Amino acid sequence: MPAASAPRRKLSLTHQIAIGLAAGVLLGWLCPGFAVQLRPVGQLFLRLIKMIVGPLVLTSLVAGLAGAGGKMAGRLGLKALLWFEAATTVALFIGLAGAHLVHPGAGVGLAADAATAGKLAHAKGAVDFLLEAFPTSIFDALARNDVLQIVVFGVFLGLGIAAAGEKAARLRELAEQGAEAMFKVVGFVMRFAPFGVGAAMASTLGAKGLGVLLPLAKVIGTLYGSLLVFFAALFLAVRLLTRVRVSALLAAIREPAIVAFTTTSSEAAMPRAMEAMERLGVPRAVVAFVMPAGYSFNLDGSTLYLSVAVMFVAQAAGVHLSLVEQLAIMGTLMLTTKGVAGVPRSALVVLAGALTAFHLPLEGVAILLAIDELMDMGRSCVNVVGNCVATAVVACWEGVVPAGAPLLRAPRLAAANAPEAPARDRASGE
152 MPAASAPRRK LSLTHQIAIG LAAGVLLGWL CPGFAVQLRP VGQLFLRLIK MIVGPLVLTS
212 LVAGLAGAGG KMAGRLGLKA LLWFEAATTV ALFIGLAGAH LVHPGAGVGL AADAATAGKL
272 AHAKGAVDFL LEAFPTSIFD ALARNDVLQI VVFGVFLGLG IAAAGEKAAR LRELAEQGAE
332 AMFKVVGFVM RFAPFGVGAA MASTLGAKGL GVLLPLAKVI GTLYGSLLVF FAALFLAVRL
392 LTRVRVSALL AAIREPAIVA FTTTSSEAAM PRAMEAMERL GVPRAVVAFV MPAGYSFNLD
452 GSTLYLSVAV MFVAQAAGVH LSLVEQLAIM GTLMLTTKGV AGVPRSALVV LAGALTAFHL
512 PLEGVAILLA IDELMDMGRS CVNVVGNCVA TAVVACWEGV VPAGAPLLRA PRLAAANAPE
572 APARDRASGE
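Take 152 as the starting number for the sequence shown in our numbering and just add one per residue.
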């Protein structure tokens with residue numbers, strides 16, 4: 152009797168996208184004329200992405216704020232929120248600075264249609280941006296896919312539902328159900344990603360040549376260089392603002408950081424990260440509050456990546472963004488990363504929304520998706536490290552870490568003036 156054959160392992164989406172990318176590169180190189188004709192396939196994928204952005208951002212942002220509004224009340228929540236916003240702001244501007252320094256999108260030559268080019272040609276002032284951020288109708292904003300207006304309305308609605316409490320419980324449940332349904336729609340759309348990415352890459356290479364691949368390597372280098380700078384700034388701030396022992400913290404979070412890097416999933420590393428923070432002496436109540444909240448409000452790696460990605464697309468399209476426009480983009484990214492934190496390929500959705508809001512070509516999404524796996528490793532790792540650091544900092548600020556815990560440095564004066572322990576106690580470690 153023949154032995155039963157082993158079941159075939161199904162290719163993951165990442166592997167399918169990699170195969171689509173390789174096929175697109177080969178077609179663009181060997182058959183440029185045919186490859187250019189595949190552009191409608193890539194455009195269809197981008198239209199599918201654009202279709203889900205508005206509903207997804209609205210439902211997930213409302214559900215997140217409505218559910219976390221009550222939890223974020225109180226002294227602990229305010230301190231956590233203060234650190235979250237400070238860290239993500241620094242991450243955004245480090246990514247922005249890295250993109251300006253390296254110019255990874257130079258020479259790509261993404262084209263926008265005439266209507267988009269006309270919108271880009273007229274830079275708006277700060278007052279116009281502020282006024283246009285507030286929608287006159289949420290239905291009009293959804294119809295135009297104006298992500299900035301959708302975010303503003305979503306923030307008001309989410310906070311309103313949280314303030315109403317049990318009276319708005321059904322509305323909160325409706326938002327959560329809508330967000331869950333949109334997560335499934337994202338999964339459906341992403342099944343088409345290998346074909347969309349392959350076609351977009353093929354048509355781009357067919358029209359522009361192999362020289363377009365060099366900027367992609369520059370994007371990866373820019374991202375990882377910016378992440379290293381952010382790491383240095385993050386731990387310098389921890390050293391200056393708290394009594395946290397940076398060496399002990401680094402040693403404790405090394406394992407969950409590696410798990411996040413190798414699996415490209417910050418959620419996979421969350422249990423180990425929480426366990427590591429408890430071993431350092433952070434009370435379980437603080438860990439259980441700050442760490443999950445950070446996964447929604449403190450995605451440092453994702454926000455840094457998005458600032459690099461948006462500037463890459465702007466540079467690739469030859470668009471000069473004014474300072475006001477860049478600040479508006481940073482503010483939009485800061486809010487939208489809170490809205491879709493739990494969505495698979497959430498960075499793709501947020502990036503598409505930001506490009507749509509500021510009239511930048513969506514073709515940049517398909518190009519960046521081709522190297523998303525390599526960049527996802529870095530940003531997932533930084534997301535985990537950032538949340539571990541936030542948990543340690545908030546616990547230190549609250550003064551709830553027991554004296555002598557591995558997390559804390561001993562006060563210099565106290566250590567210098569403390570009486571010498573008996574020899575028996577020193578030997579036993581008591």
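C-beta: ideal position from N, C-alpha, C; glycine also.
Being a predicted model, the structure only gives us computed values, none of them experimental.
Let me check understanding here. Comparing Cα to Cα, which of VAL470, GLY309, GLN188, ARG530 lies closest to GLU327?
Checking every option, the nearest Cα to that of GLU327 belongs to GLY309.
What are the residues that DSSP puts in a beta bridge with LEU559?
According to DSSP, LEU559 bridges with VAL395.
Can you tell me which of LEU162, THR373, VAL213, ALA173 puts its alpha carbon nearest to the alpha carbon of HIS251?
Ranking the options by Cα distance to HIS251, first place goes to THR373.
Measuring straight from C-alpha to C-alpha, what distance separates ARG342 and VAL298?
Each residue's alpha carbon lies about 24 Å from the other.
So for CYS182, helix, strand or coil by DSSP?
Correct three-state label for CYS182: coil.
Nearer than 6 Å: is that true of the beta carbon of MET428 relative to any heavy atom of the ligand SAH?
Ligands in the displayed structure: none, and consequently the ligand SAH is not present.
Would you check if there are 3 or more beta carbon pairs closer than 8 Å linking the segment 459-476 to the segment 497-509?
With a cut-off of 8 Å, the segment 497-509 and the segment 459-476 count as touching, because enough Cβ pairs lie within range.
Who are the Cβ neighbours of LEU506 in its own chain at under 8 Å, not counting the five residues just before and after it?
Closer than 8 Å at Cβ, skipping near neighbours: VAL461, VAL464, PRO512, LEU513, GLY515, VAL516.
Give me the Cα-Cα distance between GLY175 and ILE289, rounded to the nearest whole angstrom.
If I take the Cα positions, the gap works out to 39 Å.
Using a Cβ-Cβ cutoff of less than 7 Å, which residues in the same chain neighbour VAL551 once the five nearest sequence positions on both sides are dropped?
Closer than 7 Å at Cβ, skipping near neighbours: PRO434, VAL437.
Can you give me the C-alpha to C-alpha distance between ALA402 and THR239, rounded to a whole angstrom?
In a straight line, the C-alpha of ALA402 is about 23 Å away from that of THR239.
Answer with buried or exposed for LEU178, where buried requires no fewer than 16 other C-beta atoms within 10 angstroms of its C-beta.
Classification for LEU178: buried.
Comparing the C-beta of ILE301 with each C-beta of chain E, is any distance below 7 Å?
Absent from the structure: chain E. Only one protein chain is present.
DSSP three-state label for GLY432, please.
In the structure shown, GLY432 sits in coil (DSSP, three-state: anything other than H, G, I, E or B).
What residue from VAL253, LEU232, PHE244, ALA237 has the CA that sits closest to LEU474's CA?
Of the candidates VAL253, LEU232, PHE244, ALA237, the one whose C-alpha sits nearest the C-alpha of LEU474 is PHE244.
On the CB-based measure, 16 or more other CB atoms within 10 Å of its CB, does ARG323 come out buried or exposed?
With 16 or more other Cβ atoms within 10 Å, it is buried.
Between the beta-carbon of THR355 and the beta-carbon of VAL544, is there less than 7 Å?
No, these two residues do not count as a Cβ contact at 7 Å.
In terms of residues, what are the limits of the alpha helix (DSSP H) holding GLN466?
Per DSSP, GLN466 belongs to the alpha helix (DSSP H) from 451-467.
Count the other CB atoms within 10 Å of the CB of ARG226; is the residue buried (16 or more) or exposed (fewer)?
Classification for ARG226: exposed.
Express the C-alpha separation of GLY329 and TYR456 in angstroms, rounding to a whole number.
Using only the alpha carbons, I get a separation of about 27 Å.
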